[in-house]
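> The structure that follows is given in the form of structure tokens.
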Amino acid sequence: MSFVKATQGGLSITAYRGDFKTLLAFDLAGSDVKNLAGFTIAAQPQGAAAYYLLNDLQFQTPGKHAQDPTEPPNSSINAPFQKLRWVHVPGMFHQGLAPAIGPYTYTVTPRYFDENQSLEPMDSSLAGQVTLQVAPFSKGKIEVGFTRGFTQSQAFVHHFGLKALIQPPAKGRPLIFDTKAVSGKNAAGQTFTYADEYRWLGFTAREKIFALLQEVTDNKNLTLDVFAYDLTEPDIMQSLIDLGKDGRVRIVLDNASLHHDARNDKPEDRFEQAFRKAAGGAKAPIRRGHFKRYSHDKVLVVSSNGQPQKVLTGSTNFSVTGLYVNSNHVLVFNDPAVAATYENVFQMAWEGGVAQAAAVSSPEDTQSFRLSSAGVPPADVTFAPHSPAFANGLLDVVADRVKSEGAVTSGQGSVLFAVMGIKDGNSPVYDVLRAIHKNQKIFSYGISDDPGGIALYKPGSKSGVLVTGKPVDTVLPPPFNQVPNIGGIGHQVHHKFVVCAFNNANAFVVCGSSNLASGGEASNGDNLLQIYDQDVATVFAIEALALVDHFQFLNRCQSGTRSRSKQPPADTRQRALDVAWYLSPTDAWVAAYYKADDLHYVDRVLFSGGSTGSAVVPPPWRPPTAPKSGTRKKAKRKKARA
């Protein structure tokens with residue numbers, strides 16, 4: 003079950019399970035919102051002390067309001083959340099870098115102003131509680147993980163400081179540097195290592211990648227096949243080299259111009275040299291190629307005694323930026339049948355020399371494979387590169403599914419997405435995502451590094467939200483700390499996922515390594531998954547919500563002109579007042595949530611409602627030119643690993 007609900011008087015609380023995070027949505031009877039100041043939220047991991055979640059905002063003059071002096075001014079007991087939903091991610095501020103896993107009890111208390119517009123003391127009799135599992139996401143034979151993707155955040159600065167290095171300076175940096183080395187010191191004077199940063203920034207995606215690598219390392223009966231695009235993460239590279247020494251890994255590594263040049267001095271070139279030196283020289287089991295444009299998959303296939311057992315895929319590159327700067331996802335299928343499907347594709351690429359001609363002439367080019375093992379959510383997966391006709395037909399299916407949310411006959415259509423770039427490129431998916439915020443029949447919430455324009459929330463409109471993950475030179479007003487600008491060190495949003503109807507049993511999510519562009523589907527080595535499961539869709543929806551909410555704030559604060567050395571302008575406090583970056587001392591903030599012509603109203607009804615409907619899993623998609631079932635050839639499986 004993707005959510006739990008509880009009620010207390012006129013208060014209802016809906017808590018949705020994410021990937022080691024929780025979406026809390028609240029609703030109050032209309033008669034209970036007069037003088038509403040917001041909500042205080044306390045979280046209590048099982049067997050540990052409770053703590054109040056911190057608000058991004060506080061009152062301009064905290065002393066005019068009831069305050070708990072043992073808590074900071076932005077603790078939600080002193081600064082209630084003036085929103086009707088909040089995403090809690092353990093470890094952002096509380097519990098350090100290793101937060102508890104297990105049941106959490108959330109206590110949500112409505113707070114009120116008195117007749118003098120001062121916050122009244124908390125009345126615990128109004129509080130409601132919900133308890134649910136807070137842990138890395140898994141369901142049956144599937145796991146989903148995300149990078150944290152929040153280098154541009156108050157939490158990152160809190161843990162590591164504004165000037166934290168993500169890796170040692172480029173000059174003199176070895177290919178595989180020591181991640182246990184001290185990388186900086188935070189404002190409290192505490193030193194931290196690159197590994198400390200990486201555990202926090204890499205979040206559950208990193209945990210799943212390294213758990214898989216460790217499993218293979220520890221069991222001599224296991225072997226690994228790897229598709230890699232970017233490959234610069236030092237500990238991953240070292241693990242692959244160690245497995246190469248044992249003859250237990252094969253690697254297909256991209257060699258497009260970003261990763262290879264005539265001087266052989268790109269990081270991937272240097273890795274190839276180190277791997278060959280350790281794993282047999284010219285006969286070492288590594289092959290470079292890029293199909294027509296890129297070998298863009300990010301895949302690990304684990305086999306036991308030659309039989310595929312599990313596979314990891316997704317959007318996450320095995321690189322420093324991919325894991326520790328970009329917002330990314332991974333999926334792990336602990337299922338031999340799914341692993342075998344991916345292994346056949348790897349074998350095709352291995353035998354075909356990672357070449358376009360071999361790929362588009364293979365059966366994998368013209369099929370959508372239904373993943374239907376017990377314990378695996380119903381899903382279809384396709385493997386690029388495809389013929390242009392197949393590529394366009396596939397993307398039309400995705401675009402049509404997104405458009406269909408505007409034609410729902412009951413409830414509320416919804417589309418939430420995080421897609422790296424939607425401004426350029428020939429893609430029906432890009433076309434619909436760029437325009438969907440204009441469709442007031444759909445609740446849409448989206449983020450892209452390059453959206454071709456942004457659309458922020460406007461009171462009195464049900465138009466959707468579209469933001470960029472790369473705001474230009476943000477200057478945050480008081481009471482916020484400044485945050486790093488990621489500049490040229492990589493994408494912020496590297497995801498490629500779209501979620502439809504997350505709160506419905508007909509929920510759908512498309513994800514994987516595909517950029518959802520016609521050119522990529524025709525020219526890249528990629529995999530694209532369409533998953534029909536509400537729990538999985540909810541996990542991705544929460545990821546989109548957290549990113550859009552965070553970057554909508556940064557987008558409002560972007561100047562587009564500030565140099566890195568220039569100080570914030572002197573008038574930021576007046577600017578803060580002008581744009582209301584302090585909590586409202588009245589209940590005016592809540593009115594939009596109860597006006598039917600406002601996006602906040604749709605937001606309240608959508609997220610507080612739980613789910614409706616019964617699942618209808620569509621049949622596997624087959625284009626007219628697809629081979630009949632059972633005609634797909636089995637890729638040859640060589641006995642020798644090299």
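Take 3 as the starting number for the sequence shown in my numbering and just add one per residue.
All C-beta atoms, glycine included, are put in the ideal place defined by N, C-alpha and C.
1) Considering only residues of the same chain and omitting the five flanking positions on each side of GLN576, which have a CB-CB separation below 7 Å?
2) Taking its Cβ as the centre, do 16 or more other Cβ atoms sit within 10 Å of ASP605, making it buried, or is it exposed?
3) Going by the DSSP bridge assignment, what does ASN526 pair with across the sheet?
4) If you compare alpha carbons, which of GLY448, TYR603, LYS405 is closest to ALA420?
5) With a Cβ-Cβ cutoff of 9 Å, do ASP599 and LYS464 count as a contact?
6) Can you tell me which of the three DSSP states TYR200 falls into?
7) Whole angstroms are fine: how far does the CA of LEU224 sit from the CA of TYR106?
8) What does a CB cutoff of less than 6 Å around ASP232 pick up in its chain, not counting 5 residues either side in sequence?
9) Just the Cα atoms here: how many angstroms apart are PRO171 and ALA129?
10) Indicate whether SER446 and VAL417 have their beta-carbon atoms separated by less than 9 Å.
11) Using only the alpha-carbon positions, how far apart do TYR18 and TYR344 sit?
12) Enumerate, from N- to C-terminal direction, the unbroken alpha helix (DSSP H) stretches of 4 or more residues contained entirely within the segment 222–287.
13) Check each candidate in PRO74, GLU145, PHE194, LEU601 and name the one with the smallest Cα separation from THR206.
14) Taking just the CA atoms, how far does ARG403 sit from LEU579?
15) Extract the residue ranges of the beta strand (DSSP E) inside the segment 129–200, only unbroken runs of 3 or more that lie entirely within it.
16) For ALA8 and HIS552, what's the separation of their Cα atoms in angstroms?
17) Taking 8 Å as the limit between beta carbons, can you name the residues of its chain near PRO74, skipping five residues before and five after?
18) What is the rounded straight-line gap between the Cα of ASN335 and the Cα of SER78?
19) Counting C-beta neighbours from all protein chains within 10 Å, is the total for TYR54 16 or more, i.e. buried, or is it exposed?
20) Using the beta-carbon count (16 or more within 10 Å), is LYS173 buried or exposed?
21) Evaluate GLU523 with the Cβ neighbour count: other Cβ atoms within 10 Å of its Cβ, from every protein chain shown; 16 or more gives buried, anything less gives exposed.
22) Alpha carbon to alpha carbon, what distance is there between GLY462 and VAL136?
23) Rounded to the nearest angstrom, how far is the Cβ of LYS294 from that of PRO387, given a contact under 8 Å?
24) ASN330: which of ALA437, SER450, ARG558 sits nearest, CA to CA?
25) Rounded to whole angstroms, what is the Cα-Cα separation between LEU164 and GLY471?
26) For ILE424 and LYS443, I'd like the C-alpha separation in whole angstroms.
27) Taking ARG201 as the reference, give the member of ASP237, GLY611, ARG175 with the closest Cα.
28) Which of helix, strand or coil does DSSP assign to GLN532?
29) From ARG558, GLN532, PRO82, GLN554, pick the residue whose C-alpha is nearest to that of PRO380; which is it?
30) Mind checking which residues open and close the beta strand (DSSP E) that includes TRP88?
31) Excluding the five sequence neighbours on either side, which residues of its own chain have a C-beta within less than 7 Å of the C-beta of ILE243, listed in chain order?
32) Just how far apart, CA to CA, sit HIS496 and ALA359?
33) Quick one: is THR633 buried, meaning 16 or more other Cβ sit within 10 Å of its Cβ, or exposed?
34) Flag this pair as yes or no: are the beta carbons of LEU314 and VAL327 separated by less than 9 Å?
35) Taking the beta carbon of ARG566 as the centre, do at least 16 other beta carbons fall within 10 Å, making it buried, or is it exposed?
Reading off the structure:
1) Translated into positions along the sequence shown, residue 576 becomes position 574. With a pLDDT of 40 at GLN576, under the threshold of 50, the modelled position of this residue cannot be trusted, and the question is left open.
2) Locating residue 605 in the sequence shown gives position 603, where the first residue counts as 1. The residue in question, ASP605, is buried, as its Cβ has 16 or more Cβ neighbours within 10 Å.
3) Within the sequence shown, the letter at position 524 stands for residue 526. ASN526 pairs with TYR296.
4) In the sequence shown, residue 420 corresponds to position 418, counting from 1. Measuring from the Cα of ALA420, the nearest candidate turns out to be GLY448.
5) Taking the first residue of the sequence shown as position 1, residue 599 is located at position 597. Taking the first residue of the sequence shown as position 1, residue 464 is located at position 462. Yes. Within cutoff.
6) Taking the first residue of the sequence shown as position 1, residue 200 is located at position 198. Three-state result, TYR200: helix.
7) Residue numbering aside, residue 106 sits at position 104 when the sequence shown is read from its first letter. Residue numbering aside, residue 224 sits at position 222 when the sequence shown is read from its first letter. Approximately 36 Å between the Cα atoms of the pair.
8) As a working mapping, residue 232 is identified with position 230 in the sequence shown. Counting only Cβ-Cβ distances below 6 Å, and skipping sequence neighbours, we find ASN319, SER321, GLY324.
9) If you number the sequence shown from 1, residue 171 lands on position 169. If you number the sequence shown from 1, residue 129 lands on position 127. If you take the alpha carbons of PRO171 and ALA129, they lie about 51 Å apart.
10) Looking up residue 446 in the sequence shown gives position 444. Looking up residue 417 in the sequence shown gives position 415. It is a contact, given that the beta carbons lie within the stated cut-off.
11) As a working note, residue 18 is residue 16 in the sequence shown. As a working note, residue 344 is residue 342 in the sequence shown. Using only the alpha carbons, I get a separation of about 31 Å.
12) 236–247, 269–281
13) By 1-based counting over the sequence shown, the position of residue 206 is 204. Of PRO74, GLU145, PHE194, LEU601, the residue nearest in Cα terms is GLU145.
14) Position 577 of the sequence shown, counted from the start, is the residue given in the question as residue 579. Position 401 of the sequence shown, counted from the start, is the residue given in the question as residue 403. In this predicted model, LEU579 has a pLDDT of only 41, less than 50, meaning its place in the structure is not dependable; the value taken from the coordinates is given anyway. Distance between the alpha carbons of LEU579 and ARG403 is about 42 Å.
15) 130–136, 139–141, 144–148, 184–187, 193–195
16) Position 6 of the sequence shown, counting from 1, holds the residue named residue 8. Position 550 of the sequence shown, counting from 1, holds the residue named residue 552. About 27 Å.
17) Taking the sequence shown and counting its residues from 1, one reaches residue 74 at position 72. If we look at PRO74 and ignore the five residues flanking it on each side, its Cβ neighbours are LEU56, ASN80.
18) The residue given as residue 335 occupies position 333 in the sequence shown. The residue given as residue 78 occupies position 76 in the sequence shown. Rather than Asn, the amino acid found at residue 335 in this sequence is Phe. Distance between the alpha carbons of PHE335 and SER78: 39 Å.
19) Residue numbering aside, residue 54 sits at position 52 when the sequence shown is read from its first letter. The residue in question, TYR54, is buried, as its Cβ has 16 or more Cβ neighbours within 10 Å.
20) Position 171 of the sequence shown, counting from 1, holds the residue named residue 173. LYS173 is exposed by the Cβ-count criterion.
21) Indexing the sequence shown from 1 puts residue 523 at position 521. With 16 or more other Cβ atoms within 10 Å, it is buried.
22) What you label residue 136 is simply residue 134 of the sequence shown in a count that begins at 1. What you label residue 462 is simply residue 460 of the sequence shown in a count that begins at 1. The alpha-carbon atoms of VAL136 and GLY462 are separated by roughly 35 Å.
23) Against the sequence shown, residue 294 aligns to sequence position 292. Against the sequence shown, residue 387 aligns to sequence position 385. Confirmed, about 6 Å.
24) The residue you call residue 330 lines up with position 328 of the sequence shown. Closest by alpha carbon: SER450.
25) Within the sequence shown, the letter at position 162 stands for residue 164. Within the sequence shown, the letter at position 469 stands for residue 471. Going from the Cα of LEU164 to the Cα of GLY471 covers about 18 Å.
26) For the purposes of this step, residue 424 is taken as the residue at position 422 of the sequence shown. For the purposes of this step, residue 443 is taken as the residue at position 441 of the sequence shown. Straight-line Cα distance between these residues: approximately 21 Å.
27) For this step, residue 201 is matched to residue 199 along the sequence shown. For the residues ASP237, GLY611, ARG175, the minimum Cα distance to ARG201 belongs to ASP237.
28) Mapped onto the sequence shown, residue 532 falls at position 530. Strand.
29) For the purposes of this step, residue 380 is taken as the residue at position 378 of the sequence shown. That would be GLN532, whose Cα lies nearest to the Cα of PRO380.
30) Taking the first residue of the sequence shown as 1, we reach residue 88 at position 86. Segment 87–90, the beta strand (DSSP E) holding TRP88.
31) Taking the sequence shown and counting its residues from 1, one reaches residue 243 at position 241. Closer than 7 Å at the Cβ level, and outside the excluded window around ILE243, lie ALA276, PHE277, ALA280.
32) In the sequence shown, counting from the first residue as 1, residue 496 sits at position 494. In the sequence shown, counting from the first residue as 1, residue 359 sits at position 357. Going from the Cα of HIS496 to the Cα of ALA359 covers about 28 Å.
33) Translated into positions along the sequence shown, residue 633 becomes position 631. Summary for THR633: the model assigns pLDDT 34, below 50, so the residue's position carries little reliability, and this model does not support an answer.
34) Locating residue 314 in the sequence shown gives position 312, counting from the first residue. Locating residue 327 in the sequence shown gives position 325, counting from the first residue. No, they are not a contact pair.
35) As a first step, residue 566 is located in the sequence shown; it is residue number 564 there, counting from the start. Annotation note: pLDDT 37 at ARG566 (below 50); position unreliable, coordinate value reported separately. The residue is exposed, with fewer than 16 neighbouring Cβ atoms inside 10 Å.
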